[in-house]
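When the letters of the sequence shown are read in order and numbered with the numbering used here, they come out as residues 22 to 236. Following: one structure in C-alpha coordinates, then a few remarks.
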Amino acid sequence: MKGISTHIDTTVMLYTCLEIARDRLASVYRNNPGLTYADLYTLAAVVAVEKMGGPIIKWRHGRVDFENGKNSPPSNRLPSASQDAQSIRFAFYRMGFNDREIVALIGAHSLGRCHTDRSGFEGQWTLTPTTFSNEFFRGLLEDTWEKRNWQGPTQFEDVQTKSLLRLPSDILLIEDPQFKVYVVEYANNGSQFAVDFANAFGKLLELGVDFPATY
22 MKGISTHIDT TVMLYTCLEI ARDRLASVYR NNPGLTYADL YTLAAVVAVE
72 KMGGPIIKWR HGRVDFENGK NSPPSNRLPS ASQDAQSIRF AFYRMGFNDR
122 EIVALIGAHS LGRCHTDRSG FEGQWTLTPT TFSNEFFRGL LEDTWEKRNW
172 QGPTQFEDVQ TKSLLRLPSD ILLIEDPQFK VYVVEYANNG SQFAVDFANA
222 FGKLLELGVD FPATY
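In C-alpha coordinates:
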(Lines of atoms letter the chains of each structure in order from A and count residues from 1; the text may use other names and numbers.)
(Lines give C-alpha, C1' and ligand atoms only; values in the text may rest on other atoms or scores of the structure.)
Protein backbone atom coordinates (compact mmCIF):
# COMPACT_ATOMS: atom_id res chain seq x y z
CA MET A 1 0.00 0.00 0.00
CA LYS A 2 1.24 3.48 -0.88
CA GLY A 3 0.50 6.70 0.93
CA ILE A 4 1.78 10.05 2.07
CA SER A 5 4.36 10.50 4.80
CA THR A 6 3.35 13.02 7.47
CA HIS A 7 7.03 13.73 8.14
CA ILE A 8 8.50 16.76 6.35
CA ASP A 9 12.25 16.87 5.88
CA THR A 10 12.92 20.54 6.58
CA THR A 11 16.58 20.15 5.60
CA VAL A 12 15.45 20.12 1.96
CA MET A 13 14.70 23.69 0.80
CA LEU A 14 11.99 22.54 -1.60
CA TYR A 15 10.02 21.06 1.29
CA THR A 16 10.18 24.03 3.68
CA CYS A 17 7.15 25.64 2.04
CA LEU A 18 5.11 22.55 2.91
CA GLU A 19 5.30 23.50 6.58
CA ILE A 20 3.34 26.68 5.83
CA ALA A 21 0.55 24.80 4.08
CA ARG A 22 0.51 22.09 6.75
CA ASP A 23 0.17 24.62 9.57
CA ARG A 24 -2.66 26.46 7.85
CA LEU A 25 -4.59 23.24 7.30
CA ALA A 26 -4.00 21.91 10.82
CA SER A 27 -7.35 23.12 12.18
CA VAL A 28 -9.23 21.52 9.28
CA TYR A 29 -7.54 18.22 10.06
CA ARG A 30 -8.36 18.46 13.79
CA ASN A 31 -12.00 19.28 13.12
CA ASN A 32 -12.58 16.38 10.74
CA PRO A 33 -11.85 13.04 12.45
CA GLY A 34 -11.12 10.28 9.96
CA LEU A 35 -9.74 12.65 7.33
CA THR A 36 -6.23 11.71 6.29
CA TYR A 37 -3.53 14.26 5.58
CA ALA A 38 -3.16 12.82 2.10
CA ASP A 39 -6.81 13.45 1.31
CA LEU A 40 -6.76 16.85 3.01
CA TYR A 41 -3.76 18.17 1.11
CA THR A 42 -5.00 16.99 -2.28
CA LEU A 43 -8.52 18.27 -1.62
CA ALA A 44 -7.10 21.64 -0.57
CA ALA A 45 -5.25 21.80 -3.87
CA VAL A 46 -8.32 21.20 -6.03
CA VAL A 47 -10.42 23.62 -3.97
CA ALA A 48 -7.72 26.29 -4.28
CA VAL A 49 -7.61 25.92 -8.06
CA GLU A 50 -11.39 26.18 -8.30
CA LYS A 51 -11.55 29.21 -5.99
CA MET A 52 -9.00 31.00 -8.16
CA GLY A 53 -11.20 30.60 -11.21
CA GLY A 54 -9.83 27.30 -12.42
CA PRO A 55 -11.64 24.15 -13.53
CA ILE A 56 -13.38 21.65 -11.30
CA ILE A 57 -10.97 18.76 -10.81
CA LYS A 58 -12.17 15.22 -10.19
CA TRP A 59 -11.30 14.15 -6.64
CA ARG A 60 -12.13 11.19 -4.42
CA HIS A 61 -11.08 10.16 -0.93
CA GLY A 62 -9.18 7.05 0.06
CA ARG A 63 -5.52 8.05 0.44
CA VAL A 64 -3.67 6.82 3.51
CA ASP A 65 -1.03 8.35 5.79
CA PHE A 66 2.22 6.99 7.17
CA GLU A 67 4.05 8.43 10.17
CA ASN A 68 7.41 8.09 8.47
CA GLY A 69 8.69 7.91 4.93
CA LYS A 70 9.52 4.22 4.74
CA ASN A 71 6.47 3.46 2.57
CA SER A 72 6.74 6.61 0.46
CA PRO A 73 8.56 6.90 -2.88
CA PRO A 74 12.20 8.03 -2.75
CA SER A 75 12.85 11.75 -2.38
CA ASN A 76 14.44 13.97 -5.03
CA ARG A 77 12.47 12.48 -7.91
CA LEU A 78 10.58 15.67 -8.72
CA PRO A 79 11.48 17.56 -11.89
CA SER A 80 13.98 20.36 -11.32
CA ALA A 81 13.50 23.90 -12.57
CA SER A 82 16.99 23.77 -14.06
CA GLN A 83 16.68 20.48 -15.96
CA ASP A 84 16.69 20.11 -19.73
CA ALA A 85 13.82 18.77 -21.83
CA GLN A 86 15.12 15.21 -21.77
CA SER A 87 15.27 15.18 -17.98
CA ILE A 88 11.83 16.75 -17.64
CA ARG A 89 10.38 14.12 -19.95
CA PHE A 90 12.12 11.33 -18.06
CA ALA A 91 10.59 12.46 -14.77
CA PHE A 92 7.08 12.80 -16.16
CA TYR A 93 7.14 9.81 -18.51
CA ARG A 94 8.07 7.66 -15.53
CA MET A 95 4.77 8.71 -13.98
CA GLY A 96 2.80 8.00 -17.15
CA PHE A 97 2.38 11.54 -18.49
CA ASN A 98 2.73 12.53 -22.14
CA ASP A 99 3.96 15.83 -23.60
CA ARG A 100 0.50 17.43 -23.63
CA GLU A 101 -0.01 16.58 -19.98
CA ILE A 102 3.48 17.80 -19.07
CA VAL A 103 2.86 21.22 -20.60
CA ALA A 104 -0.61 21.42 -19.04
CA LEU A 105 0.77 20.66 -15.57
CA ILE A 106 3.56 23.20 -15.89
CA GLY A 107 0.81 25.66 -16.78
CA ALA A 108 0.06 25.71 -13.05
CA HIS A 109 2.76 28.39 -13.03
CA SER A 110 -0.04 30.78 -13.97
CA LEU A 111 -0.64 30.76 -10.21
CA GLY A 112 1.54 31.79 -7.29
CA ARG A 113 5.12 32.97 -7.12
CA CYS A 114 8.62 31.86 -6.14
CA HIS A 115 10.33 32.84 -2.88
CA THR A 116 14.10 32.83 -2.43
CA ASP A 117 13.85 31.32 1.05
CA ARG A 118 11.90 28.33 -0.28
CA SER A 119 13.10 27.54 -3.79
CA GLY A 120 15.95 29.97 -4.34
CA PHE A 121 14.03 31.67 -7.17
CA GLU A 122 12.14 34.95 -6.84
CA GLY A 123 9.13 36.46 -8.59
CA GLN A 124 5.71 35.72 -10.06
CA TRP A 125 4.88 34.31 -13.47
CA THR A 126 1.92 36.54 -14.31
CA LEU A 127 0.42 39.86 -13.28
CA THR A 128 -2.55 37.98 -11.81
CA PRO A 129 -0.95 35.25 -9.65
CA THR A 130 -4.19 34.43 -7.82
CA THR A 131 -6.27 33.94 -10.97
CA PHE A 132 -6.19 30.73 -13.01
CA SER A 133 -5.65 31.57 -16.67
CA ASN A 134 -3.56 30.85 -19.74
CA GLU A 135 -1.46 34.00 -19.20
CA PHE A 136 1.61 31.89 -18.43
CA PHE A 137 1.55 30.56 -22.00
CA ARG A 138 0.62 33.87 -23.57
CA GLY A 139 3.53 35.53 -21.82
CA LEU A 140 5.96 32.88 -22.98
CA LEU A 141 5.12 33.66 -26.60
CA GLU A 142 4.34 37.37 -26.52
CA ASP A 143 7.03 38.71 -24.17
CA THR A 144 10.79 38.80 -24.64
CA TRP A 145 12.76 36.95 -21.97
CA GLU A 146 16.34 37.45 -20.85
CA LYS A 147 18.45 36.08 -18.01
CA ARG A 148 18.07 38.07 -14.83
CA ASN A 149 21.24 39.73 -13.57
CA TRP A 150 21.30 38.79 -9.91
CA GLN A 151 23.10 36.64 -7.34
CA GLY A 152 20.53 33.84 -7.33
CA PRO A 153 20.07 30.79 -9.56
CA THR A 154 19.52 31.22 -13.28
CA GLN A 155 16.07 32.56 -14.05
CA PHE A 156 14.57 34.78 -16.71
CA GLU A 157 12.69 38.09 -16.57
CA ASP A 158 10.57 39.91 -19.14
CA VAL A 159 12.43 42.69 -20.93
CA GLN A 160 9.41 44.99 -20.95
CA THR A 161 8.72 45.32 -17.19
CA LYS A 162 11.36 43.16 -15.49
CA SER A 163 8.62 42.17 -13.06
CA LEU A 164 7.80 38.66 -14.27
CA LEU A 165 9.61 35.36 -13.84
CA ARG A 166 10.29 32.37 -16.03
CA LEU A 167 12.31 29.38 -14.85
CA PRO A 168 14.75 27.60 -17.17
CA SER A 169 12.24 24.74 -17.35
CA ASP A 170 9.59 27.23 -18.48
CA ILE A 171 11.74 28.64 -21.27
CA LEU A 172 12.50 25.18 -22.62
CA LEU A 173 8.77 24.81 -23.35
CA ILE A 174 9.22 27.20 -26.26
CA GLU A 175 12.67 25.94 -27.20
CA ASP A 176 11.55 22.33 -27.57
CA PRO A 177 9.45 21.92 -30.76
CA GLN A 178 7.17 19.21 -29.34
CA PHE A 179 6.43 21.14 -26.15
CA LYS A 180 5.93 24.40 -28.04
CA VAL A 181 3.03 22.91 -30.01
CA TYR A 182 1.01 22.77 -26.80
CA VAL A 183 2.23 26.14 -25.54
CA VAL A 184 0.82 27.71 -28.71
CA GLU A 185 -2.42 25.76 -28.40
CA TYR A 186 -2.97 26.79 -24.79
CA ALA A 187 -1.99 30.41 -25.42
CA ASN A 188 -4.71 30.56 -28.07
CA ASN A 189 -7.29 28.47 -26.23
CA GLY A 190 -7.60 28.99 -22.49
CA SER A 191 -10.64 26.73 -22.29
CA GLN A 192 -8.70 23.78 -23.70
CA PHE A 193 -5.90 24.45 -21.24
CA ALA A 194 -8.37 24.35 -18.36
CA VAL A 195 -9.79 21.01 -19.52
CA ASP A 196 -6.38 19.44 -20.04
CA PHE A 197 -5.04 20.78 -16.75
CA ALA A 198 -8.00 19.38 -14.83
CA ASN A 199 -7.50 15.95 -16.37
CA ALA A 200 -3.72 15.90 -15.87
CA PHE A 201 -3.82 17.25 -12.32
CA GLY A 202 -6.57 14.83 -11.35
CA LYS A 203 -4.42 12.02 -12.72
CA LEU A 204 -1.41 13.30 -10.76
CA LEU A 205 -3.36 13.28 -7.50
CA GLU A 206 -4.24 9.61 -7.93
CA LEU A 207 -0.80 8.24 -8.80
CA GLY A 208 0.02 5.16 -6.76
CA VAL A 209 -3.18 5.27 -4.72
CA ASP A 210 -4.93 2.00 -3.90
CA PHE A 211 -8.49 3.24 -3.57
CA PRO A 212 -11.08 1.16 -1.67
CA ALA A 213 -12.87 -1.51 -3.66
CA THR A 214 -16.09 0.54 -3.51
CA TYR A 215 -14.60 2.69 -6.30
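Even glycine gets a Cβ: it sits at the ideal position worked out from N, Cα and C.
Boundaries of the beta strand (DSSP E) harbouring residue 179: 177–179, taken from the DSSP string. In the structure shown, the three-state DSSP call for residue 229 is coil.
Ranked by how close their Cα comes to the Cα of residue 128, the residues 171, 170, 152 have 152 in first place. Counting C-beta pairs closer than 8 Å gives three or more between the stretch 179–197 and the stretch 105–120, which meets the contact rule.
Within the model, the alpha-carbon separation for residue 201 versus residue 137 is close to 28 Å. Take the alpha-carbon of residue 88 and the one of residue 228: they are about 20 Å apart.
When beta bridges are read from the DSSP output, residue 166 appears opposite 179. In this structure, DSSP gives residue 144 an extended state, which the three-state scheme calls strand. By the Cβ neighbour-count rule, residue 53 is exposed, with fewer than 16 other Cβ atoms within 10 Å of its own. One thing to note: residue 50 has its Cβ no nearer than 8 Å to the Cβ of residue 124. In terms of CA proximity to residue 61, 44 leads the group 76, 44, 170. Within the same chain, Cβ atoms closer than 6 Å to the Cβ of residue 167 are found at 180, the five residues on either side in sequence being excluded. Around the beta carbon of residue 114, fewer than 16 other beta carbons lie within 10 angstroms, which makes this residue exposed. In this model, residue 86 and residue 66 are separated by some 17 Å (Cα to Cα).
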